[in-house]
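Novice:
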Amino acid sequence: MRWFSLEKANALIPKIAPLLEELLRKRRDLAIALLESQTILRGEASSSTPSRLARAGSTLPAPRFGERKGEIVRLIHRIESFGCTVKDLDLGLIDFPALHDGKPVCLCWKFGEAAISAWHETEEGFAHRKPLDRHIGH
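In structure tokens form, the structure reads like this:
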């Protein structure tokens, strides 16, 4: 496992932030497409005619959810290839493994923050973030 200093983790933020932004956008777009697809299916299912999605020769395009999910997974792997972990897509959280007094901890960055300003124990999460002590990650 790679351990980050605060400086090295913060130096990665400009590289990771655009990837996370793209990831969050693609995830949102997939969620919207899924909702639209379900709305169409519900509307078609309630009509007396067979679904245009189910009929051969349908004029509606086949959903490309598998491809979209694959793009999301690839972005997660690309972000994590730097040695950090994507922890929460709803909040845009990234954890960087670090050491504090020889004990593993996580430097915690939230999308939109200029720099890492918090940490938490490895078994804890975002709700237990603590303000950074200058000795964390050194």
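Under this note's numbering, the first residue of the sequence shown is numbered 183, with each subsequent residue one higher.
Don't be surprised by glycine CBs; every beta carbon is placed ideally from N, CA and C.
Looking at the unbroken beta strand (DSSP E) that takes in residue 303, where does it start and where does it end?
Specialist: Segment 300 to 303, the beta strand (DSSP E) holding residue 303.
Novice: Along the chain, where does the beta strand (DSSP E) that runs through residue 278 open and close?
Specialist: First-last of the beta strand (DSSP E) with residue 278: 275 to 282.
Novice: Please state whether DSSP places residue 270 in a helix, a strand or coil.
Specialist: In the structure shown, residue 270 sits in a strand (DSSP, three-state: E or B).
Novice: Taking the beta strand (DSSP E) that residue 289 belongs to, which residues open and close that run?
Specialist: That run of the beta strand (DSSP E) goes 285 to 292.
Novice: Using the C-alpha atoms, what's the distance from residue 250 back to residue 310?
Specialist: Near 33 Å, if we compare the C-alpha coordinates of residue 250 and residue 310.
Novice: Once DSSP output is grouped into helix, strand and coil, what is the label at residue 235?
Specialist: The pLDDT assigned to residue 235 is 46, lower than 50, so where the model puts this residue is not dependable; a value taken from the coordinates is nonetheless given after this. Three-state result, residue 235: coil.
Novice: Give me the residue from 312, 272, 274, 215 with the minimum Cα distance to residue 288.
Specialist: The option with the nearest alpha carbon to residue 288 is 312.
Novice: Of the residues 193, 184, 205, which one's Cα is nearest the Cα of residue 260?
Specialist: Closest option to residue 260, Cα to Cα, is 205.
Novice: Ignore the nearest five residues each way along the sequence and tell me which others in residue 262's own chain have a CB closer than 7 Å to its CB.
Specialist: These residues qualify, in order along the chain: 268.
Novice: Identify the residues that DSSP records as bridge partners of residue 312: which are they?
Specialist: According to DSSP, residue 312 bridges with 301.
Novice: What does a CB cutoff of less than 8 Å around residue 212 pick up in its chain, not counting 5 residues either side in sequence?
Specialist: These residues qualify, in order along the chain: 247, 250, 251, 254.
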